[in-house]
Amino acid sequence: MFVRNLKIARLSFLLLIGIGLIVGCKNEKEKNEDDNMEATAEEEITSLENKNVFTITTRSMEFTIPSDTLPSGWNTIRYKNNSNEVHLILFDKYPEGKGIEDAHKEVVPSFQEGMDLINEGKMEEAQAAFGKLPEWFQEVEFTGGVGLLSPGTEAQSTIKLEPGTYIIECYVKMTDGTFHTLQMSEQVQVTDTDSGIEPPKADYVIDIDGANGIQFDENVTSGKKTFQVNYGEQKVHEHYLQHDVNIVWVDEGTDMAKLEKWVNWSEPTGLQTPAPEGFRFLGGVQEMKSGDKGFFTVDLKPGNYALISEVPNSQEKGMLKTFTVK
Ligand SMILES: [Cu+2]
Numbered sequence: 003m004f005v006r007n008l009k010i011a012r013l014s015f016l017l018l019i020g021i022g023l024i025v026g027c028k029n030e031k032e033k034n035e036d037d038n039m040e041a042t043a044e045e046e047i048t049s050l051e052n053k054n055v056f057t058i059t060t061r062s063m064e065f066t067i068p069s070d071t072l073p074s075g076w077n078t079i080r081y082k083n084n085s086n087e088v089h090l091i092l093f094d095k096y097p098e099g100k101g102i103e104d105a106h107k108e109v110v111p112s113f114q115e116g117m118d119l120i121n122e123g124k125m126e127e128a129q130a131a132f133g134k135l136p137e138w139f140q141e142v143e144f145t146g147g148v149g150l151l152s153p154g155t156e157a158q159s160t161i162k163l164e165p166g167t168y169i170i171e172c173y174v175k176m177t178d179g180t181f182h183t184l185q186m187s188e189q190v191q192v193t194d195t196d197s198g199i200e201p202p203k204a205d206y207v208i209d210i211d212g213a214n215g216i217q218f219d220e221n222v223t224s225g226k227k228t229f230q231v232n233y234g235e236q237k238v239h240e241h242y243l244q245h246d247v248n249i250v251w252v253d254e255g256t257d258m259a260k261l262e263k264w265v266n267w268s269e270p271t272g273l274q275t276p277a278p279e280g281f282r283f284l285g286g287v288q289e290m291k292s293g294d295k296g297f298f299t300v301d302l303k304p305g306n307y308a309l310i311s312e313v314p315n316s317q318e319k320g321m322l323k324t325f326t327v328k
């Protein structure tokens, strides 16, 4: 009896282990399947987010682009600045038949010569140098891009592009006053095929125009937010550029005058590395023509921020606005 019971007990025990193993295996299998499904869902979300995103990377003093063509219509540009300097991306739509070689041969040298003369205090000669810009340069259209971006930072802007030849460029300056442009410029072709993507839904709207400066609702809360920038009347300022919108983190107690001066390229050390301390550039939307709009998406933490145009006397023009994120 005892022996039989023991046998039954042993059998039951083995059976239990067996069932346990089967159940265990099934659970493990189901768990793996669940994990796989979760991973697939995550990949799908990521690939959906990355769909139509044109990611540009800088490691030192270059633009690495995923392709030299882009669809027309709305495009999301993500910029990863993995270098040690501040950079920006401006989209320049070139006139028919003109391209990057013409830019390097006829545009960059005139700007550099003019800048060097400004640094020497020779303002009249500088004007003459800028006067050497080719006539066709007047036909270049600025169609947005990503605002100033600090080292180790990522930014995202959404802009609308018409078909044509574009030069993307960064005109921040090295420590010796040389524009980054020769090394940081790439030609991209925007095709007739529409991207098919809709502009993002905006959390906040910024209006900017020559007469009123920057206007927006300053009640901004933390989190990942998308700003829509509406360009009203656009104009060429004293430094030959039009106004744009950059978003900047501002350390407590930092002198805003330093920011105002630095973002103006025509100041002797304007846009020249090193950038002033106490500010972290988080992108924005580069200039575009009157009536156009662009978007930028930024992850906001509680603290002090500024919206600023890279123009001379931005404060006076209402193009430097500070706000606090709670
Ligand atoms: Cu640069």
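Quick note on the numbering used here: the sequence shown kicks off at 3 and runs consecutively. Built from N, CA and C at the ideal position, the CB exists for glycine as well.
Review point. For glutamine 189, does the three-state DSSP call read helix, strand or coil?
Key: On the sequence shown, residue 189 is found 187 positions in, with the first residue counted as 1. In this structure, glutamine 189 counts as strand in the three-state DSSP scheme.
Check your understanding: Nearest-angstrom Cα distance between asparagine 86 and threonine 59?
Key -> Residue mapping note: residue 86 aligns to position 84 of the sequence shown, counting from 1. Residue mapping note: residue 59 aligns to position 57 of the sequence shown, counting from 1. Distance between asparagine 86 and threonine 59, taken at the CA atoms: about 13 Å.
Practice item. Could you say which of Asn77, Glu103, Glu137, Gly225 lies nearest to glutamate 200 if we only look at CA atoms? Key: Counting from one through the sequence shown, the residue named residue 200 turns up at place 198. Nearest of Asn77, Glu103, Glu137, Gly225 to glutamate 200, Cα basis: Asn77.
Check your understanding: Taking the alpha-carbon positions, what's the asparagine 232 to tyrosine 81 distance?
Key -> Position 230 of the sequence shown, counted from the first residue, corresponds to residue 232. Position 79 of the sequence shown, counted from the first residue, corresponds to residue 81. Looking at the two C-alpha atoms, the distance is approximately 21 Å.
Point to revise | Beta-carbon gap between tryptophan 251 and leucine 273 smaller than 9 Å | key: In the sequence shown, counting from the first residue as 1, residue 251 sits at position 249. In the sequence shown, counting from the first residue as 1, residue 273 sits at position 271. Against a cut-off of 9 Å, the Cβ pair of leucine 273 and tryptophan 251 comes out as no contact.
Check your understanding: Cα separation between glycine 133 and methionine 321?
Key -> In the sequence shown, residue 133 corresponds to position 131, counting from 1. In the sequence shown, residue 321 corresponds to position 319, counting from 1. Each residue's alpha carbon lies about 27 Å from the other.
Exercise for review: Please list, in chain order, all residues of the same chain as aspartate 178 whose beta carbon is under 8 Å from its beta carbon, the five residues on each side excluded.
Suggested key: Start at 1 with the first residue of the sequence shown, and residue 178 comes out as number 176. Hits under 8 Å: none found.
Point to revise | Cβ-Cβ distance between serine 268 and tyrosine 242 below 9 Å | key: On the sequence shown, residue 268 is found 266 positions in, with the first residue counted as 1. On the sequence shown, residue 242 is found 240 positions in, with the first residue counted as 1. Yes, these two residues count as a Cβ contact at 9 Å.
Exercise for review: State the beta-bridge partners of glutamate 143 as determined by DSSP.
Suggested key: Within the sequence shown, residue 143 is the residue found at index 141, counting from 1. The partner list for glutamate 143 (beta bridge, DSSP) reads Lys95.
Practice item. Evaluate lysine 107 with the Cβ neighbour count: other Cβ atoms within 10 Å of its Cβ, from every protein chain shown; 16 or more gives buried, anything less gives exposed. Key: The sequence position of residue 107 within the sequence shown is 105, counting from 1. Under this definition lysine 107 is an exposed residue.
Review point. Is it right to say methionine 290 is buried, meaning 16 or more other beta carbons lie within 10 angstroms of its own, or is it exposed?
Key: By 1-based counting over the sequence shown, the position of residue 290 is 288. When all chains shown are included, methionine 290 counts as buried.
Exercise for review: Quick one: measure Cβ to Cβ for valine 238 and glutamate 312, integer angstroms, because I've assumed they're closer than 8 Å.
Suggested key: Translated into the one-based positions of the sequence shown, residue 238 becomes position 236. Translated into the one-based positions of the sequence shown, residue 312 becomes position 310. Contact flag wrong, Cβ pair sits at about 13 Å.
**Study point:** Close beta carbons around glutamine 317, own chain, < 6 Å, minus the five adjacent residues each side
**Key:** Position 315 of the sequence shown holds residue 317. Once the five neighbours on either side are set aside, the close Cβ partners of glutamine 317 are Glu262.
Review point. Around the Cβ of aspartate 94, are there at least 16 other Cβ atoms within 10 angstroms (buried) or fewer (exposed)?
Key: Translated into the one-based positions of the sequence shown, residue 94 becomes position 92. Result: buried.
Point to revise | Heavy atom of ligand 1 within 8 Å of glutamate 87 beta-carbon | key: One-based indexing of the sequence shown puts residue 87 at position 85. With a threshold of 8 Å, the Cβ atom of glutamate 87 counts as near ligand 1, since some heavy atom of the ligand is closer than that.
Check your understanding: Per DSSP, what kind of secondary structure is isoleucine 199 in: helix, strand or coil?
Key -> Here residue 199 refers to the residue found at position 197 when the sequence shown is read from its first residue. Coil at isoleucine 199, not helix or strand.
Exercise for review: Could you spell out the range, first to last residue, of the alpha helix (DSSP H) harbouring tryptophan 264?
Suggested key: Locating residue 264 in the sequence shown gives position 262, where the first residue counts as 1. Counting along the chain, the alpha helix (DSSP H) containing tryptophan 264 begins and ends at 258-264.
Review point. Helix, strand or coil for asparagine 121 per DSSP?
Key: In the sequence shown, residue 121 corresponds to position 119, counting from 1. In this structure, asparagine 121 counts as helix in the three-state DSSP scheme.
**Study point:** Bridge partners - glutamate 115, DSSP secondary structure assignment
**Key:** By 1-based counting over the sequence shown, the position of residue 115 is 113. In the DSSP assignment, no residue is bridged to glutamate 115.
Exercise for review: Would you list the one or two residues that DSSP bridges to aspartate 301?
Suggested key: Locating residue 301 in the sequence shown gives position 299, counting from the first residue. DSSP, once it has assigned bridges, lists Lys226 as partnering aspartate 301.
Exercise for review: Grab the span of the beta strand (DSSP E) containing aspartate 211 for me, first residue to last.
Suggested key: Mapped onto the sequence shown, residue 211 falls at position 209. Residues 206-211.
Review point. Is the closest heavy atom of ligand 1 to the C-beta of phenylalanine 186 under 8 Å?
Key: Along the sequence shown, one-based indexing puts residue 186 at 184. Correcting the residue identity first, residue 186 is methionine in this sequence and not phenylalanine. Yes, since a heavy atom of ligand 1 falls inside the 8 Å radius drawn around the Cβ of methionine 186.
Check your understanding: For threonine 177, which three-state DSSP category applies?
Key -> Mapped onto the sequence shown, residue 177 falls at position 175. Coil, per DSSP.
Practice item. Please determine, among Gln185, Pro165, Ile161, the residue with the shortest C-alpha to C-alpha distance to cysteine 172. Key: Position 170 of the sequence shown, counting from 1, holds the residue named residue 172. The candidate whose alpha carbon is nearest that of cysteine 172 is Gln185.
Exercise for review: Check whether the Cβ of threonine 155 sits closer than 8 Å to any heavy atom of ligand 1, and report yes or no.
Suggested key: Locating residue 155 in the sequence shown gives position 153, counting from the first residue. Annotation for threonine 155 indicates a beta carbon at 8 Å or more from all heavy atoms of ligand 1.
**Study point:** Contact under 9 Å by Cβ, lysine 203 with glycine 75
**Key:** Translated into the one-based positions of the sequence shown, residue 203 becomes position 201. Translated into the one-based positions of the sequence shown, residue 75 becomes position 73. With a cutoff of 9 Å on beta-carbon distance, lysine 203 and glycine 75 are scored as not near each other.
**Study point:** Residue ranges of each beta strand (DSSP E) within the region 58-93, 3 or longer
**Key:** List check, beta strand (DSSP E) in window: 71-83.
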